[in-house]
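Just below is one structure, and these are the notes that go with it.
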Amino acid sequence: MNATLPADEGASTRLSPWIALPLVAVVFCIPVLATVHPVFDWDIWWHLRTGQWIAEHGRLPDHDPFTAIGAQIPWVAYSWAFELLIHELYRRFGLIGIVGFRVALAVAVTGACYRLVRRREPRFVVAAGLAGIAAVVLSPLFNERPWLFTIVFAAWTLDVVLDLRAGRRTAWFWALPFVYLAWATLHIQFVYGFLILGLACAAPFLDRWLGGPATADARTPGTRGWWNLLGLTTACIAATLLAPYHARLYAVALEYATQTLPFRVIAELMAPEFRSLGDWLGLGLGVASVWCLGRSKSVSSFEVLFTAVALAFFVRARRDVWLVALAALAVVPGAIPRSPRQAIFAWSRARALAAVTLTALGAAAIWIALGLDEARCRAGVAARFPERAAEVVAQLPADGPLYSHLEWGGYLIWKLPQWKVTIDGRTNLHGEQRIERSLDTLAGKPGWERDRELLGASVVIARSDAALTGLLRRDPERFEPIYSDERATVFVSKHPAGR
């Protein structure tokens, strides 16, 4: 299950390049098909604004510069490298640059999955098929988010761990600490990498306690391979401390881990509801992993623990389905029965170049067929976000806070940089109490009229179909509507509190 499995040449058939190369291209076109669409993500806008702020000021922020209470709140821009990158792409290429980033990272995720399984599965169709299934399962995550880096780097980590457990140490081993240094500047979920490394370090003790066979590799504690793994883990931890925010990154990770409200109100953090194909496919991969572990003659604690933890994380938050996918790619290949005549495919530089060319041609055909350009991207943004309402507010003097809600706050931070919003999608910054108060006010729940942030705002932008909008229309003494469309309504406060 851990070793790279050599192909049995005598019992194998060589697959024709005319079959293998188009099949690989199809697998890598799956993420392209899933990502060529306008920018719909709620959070990309505050990421863009953060990148712009860092570029303008030449430093990282230590307090939040975008909200009404931000000057009082320490803030760690933990994805600052991603934000600088995405802002530079937007500055040079517009929204198409963001789409291009999304496509490239989604293809990179698929490539990481394919490499992980191909190095341990000589049967070409099995390896390509599993990578294709993983791409379909992960397609809901193919957004312009830094978590795409996390999936790539986690696959890299798992690949190195499986190599060490098989008694191998490649150049990827030596590069991993540098990967973690970069990872710690891109996404807070770099700590998930330590989950994989930690399980790999601890599982051998459980195997020994259970009476497992001793080996000379990282599967047995105290061996040179195990010490290499422990040293690698230590080096990766030390590398993350070299990032600009140092140990403060771990405090942010702890904040996210201990919050409970976001897991009930943020769609990507909610438990899977099994109303979408992605949820069912994720569950299917998890069940397949468990079934394969159950029928395997030699199972190690690492595979069992990693699969169990991956399923637990997925059940908690559907976004973490990628952990289930990685576990399946590590576990399933070794349990698939081998046929007497298995199909293999010998790669070469020329064939790899041909596969890349076919994939590029397929991606170009998809892009042309979907007709995506800058104009369509901007039309998509206008159809999803309160663009016209923001243009109205831009004409007003920014003499007080702008009351926003969780989903639109990030967009308003970007669109109206002169205004300070009340809240946006950075859940760890705002805390559970403020988030719940904002959601209750938007829903018009009892006590909405006493919301201090609403009463202190100069301008309110609310969804036109929200309960709060109807309530404010019936409160003409305090709020005057000045603009409304099918998406958003703008109110001006007649007597903002505190002024």
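Whatever position you read off the sequence shown (first residue = 1), add 7 for my numbering.
Beta carbons: idealized from backbone N, C-alpha and C, even for Gly.
Small disclaimer: the values here were computed from a predicted structure and weren't measured.
Top-ranked residue by Cα proximity to residue i, from the options
i: Pro518; options: Arg172, Ala111, Arg152; result: Missing from the structure shown is residue 518; the chain here goes from 8 to 506 and no further.
i: Leu365; options: Ile26, Thr20, Arg21; result: Ile26
i: Leu268; options: Glu443, Thr117, Ala41, Ala362; result: Glu443
i: Asp492; options: Val399, Ser445, Leu462; result: Val399
i: Arg98; options: Val132, Arg130, Gly58; result: Gly58
i: Pro453; options: Leu478, Ala258, Leu102, Glu487; result: Leu478
i: Val259; options: Val499, Tyr85, Glu63, Val43; result: Tyr85
i: Arg66; options: Leu112, Tyr252, Ala295; result: Tyr252
i: His502; options: Arg480, Ser465, Arg481, Tyr490; result: Ser465
i: Met277; options: Ala254, Phe320, Phe180, Phe313; result: Phe320
i: Ala161; options: Ala191, Ala142, Phe197; result: Phe197
i: Ala142; options: Ala115, Ala78, Arg126, Ala295; result: Ala115
i: Pro129; options: Ala367, Ala350, Leu368; result: Ala350
i: Trp163; options: Ala405, Ala389, Ala334, Val297; result: Ala334
i: Leu508; options: Trp82, Trp179, Gly174; result: The displayed coordinates of the chain run from 8 to 506. Any statement about residue 508 would go beyond what the structure contains.
i: Arg325; options: Ser355, Ala138, Phe281; result: Phe281
i: Arg109; options: Val39, Ala264, Arg356; result: Val39
i: Thr517; options: Trp426, Leu423, Ile373; result: Nothing about residue 517 can be read from this structure; the chain reaches only from 8 to 506.
i: Gly205; options: Thr241, Trp455, Arg125; result: Thr241
i: Tyr263; options: Pro488, Leu436, Arg56; result: Leu436
i: Leu368; options: Thr20, Pro24, Leu28; result: Leu28
Terminal residues of the beta strand (DSSP E) in which residue i lies
i: Arg470; result: 466-470
i: Pro211; result: No beta strand (DSSP E) contains Pro211, which is instead part of the alpha helix (DSSP H) from 198-216.
i: Ser491; result: 486-491
i: Ala350; result: 349-351
Extent of the continuous alpha helix (DSSP H) to which residue i belongs
i: Val497; result: Run containing Val497: none in the alpha helix (DSSP H); it sits in the beta strand (DSSP E), 495-500.
i: Tyr252; result: Note, Tyr252: premise wrong, no alpha helix (DSSP H); not H, not E.
i: Tyr121; result: 102-125
i: Glu128; result: Run containing Glu128: none; DSSP gives neither H nor E here.
i: Ser307; result: Segment: none, Ser307 is in no alpha helix (DSSP H) and carries neither H nor E.
i: Leu379; result: That residue, Leu379, is in no alpha helix (DSSP H); it is neither H nor E in DSSP.
i: Gly416; result: 416-422
i: Asn435; result: 434-449
i: Ile570; result: The shown model of the chain, from 8 to 506, leaves out residue 570, and the question about it has no answer.
i: Phe270; result: 269-272
i: Pro404; result: Run containing Pro404: none; DSSP gives neither H nor E here.
i: Ala223; result: Looking at the DSSP string, Ala223 is not in any alpha helix (DSSP H), and its letter there is neither H nor E.
i: Phe180; result: 178-193
i: Trp329; result: 328-338
Those residues which DSSP pairs with residue i across a bridge
i: Tyr410; result: Val467
i: His70; result: Pro81
i: Thr157; result: Answer is none; Thr157 lacks a bridge partner.
i: Thr20; result: Ala350
i: Val428; result: Thr74, Leu409
Spatial distance of residue i from residue j (CA atoms)
i: Leu165; j: Val467; result: 48 Å
i: Thr448; j: Tyr410; result: 11 Å
i: Val338; j: Pro147; result: 23 Å
i: Ala495; j: Leu292; result: 41 Å
i: Pro344; j: Ile140; result: 18 Å
i: Ala209; j: Asp69; result: 36 Å
i: Pro6; j: Trp234; result: This structure gives no information on residue 6, because the portion of the chain shown stretches from 8 to 506.
i: Gly463; j: Ala376; result: 49 Å
i: Ala359; j: Arg433; result: 41 Å
i: Ala315; j: Gly289; result: 13 Å
i: Asp327; j: Ala32; result: 26 Å
i: Leu336; j: Leu112; result: 19 Å
i: Arg385; j: Ala397; result: 14 Å
i: Asn9; j: Asp224; result: Residue placement at Asn9 cannot be trusted, given a pLDDT of 45 that sits under 50; the coordinates are not used to answer.
i: Thr6; j: Gly451; result: With the chain covering 8 to 506 only, the question about residue 6 has no answer from this structure.
i: Leu284; j: Arg481; result: 43 Å
i: Val34; j: Ala134; result: 11 Å
i: Trp216; j: Val331; result: 26 Å
i: Arg459; j: Pro408; result: 11 Å
i: Lys486; j: His412; result: Checking the sequence, you will find Phe at residue 486 rather than Lys. Cα to Cα, the separation comes out at about 17 Å.
i: Ile430; j: Gly219; result: 53 Å
i: Leu145; j: Ile158; result: 10 Å
i: Leu22; j: Gly136; result: 15 Å
i: Glu16; j: Gly238; result: In this prediction, Glu16 has a pLDDT of 44, which is less than 50 and means its spatial position is unreliable; nothing more can be read from the coordinates.
i: Pro81; j: Val497; result: 30 Å
Q) So does the stretch 148-158 actually touch the stretch 37-51, counting three or more Cβ pairs closer than 8 Å? A) With a cut-off of 8 Å, the stretch 37-51 and the stretch 148-158 count as touching, because enough Cβ pairs lie within range.
Q: Kindly confirm or deny that the stretch 80-96 and the stretch 464-476 touch, where touching means at least three C-beta pairs closer than 8 Å.
A: In this structure the stretch 80-96 does not touch the stretch 464-476; the number of beta carbon pairs closer than 8 Å is below three.
Q) Using 8 Å as the Cβ pair cut-off and three pairs as the minimum, do the stretch 390-400 and the stretch 411-423 touch? A) Touching, yes, given that three or more Cβ pairs across the two stretches are closer than 8 Å.
Q) Within the chosen definition, does the stretch 238-255 reach the stretch 184-196 through at least 3 CB pairs nearer than 8 Å? A) Yes: at least three Cβ pairs fall under 8 Å.
Q: Determine contact between the stretch 296-307 and the stretch 328-342, defined as no fewer than three beta-carbon pairs at a distance below 8 Å.
A: As far as the Cβ criterion goes, the stretch 296-307 touches the stretch 328-342, which means the pair count is three or higher.
Q.
Pairs of beta-carbons, one from the stretch 98-109 and one from the stretch 373-384, closer than 8 Å: are there three or more?
A. Result yes; three or more Cβ-Cβ pairs closer than 8 Å.
**Q.** Meets three-Cβ-pair contact criterion under 8 Å: the stretch 305-325 and the stretch 211-226
**A.** With the cut-off at 8 Å, the stretch 305-325 and the stretch 211-226 touch.
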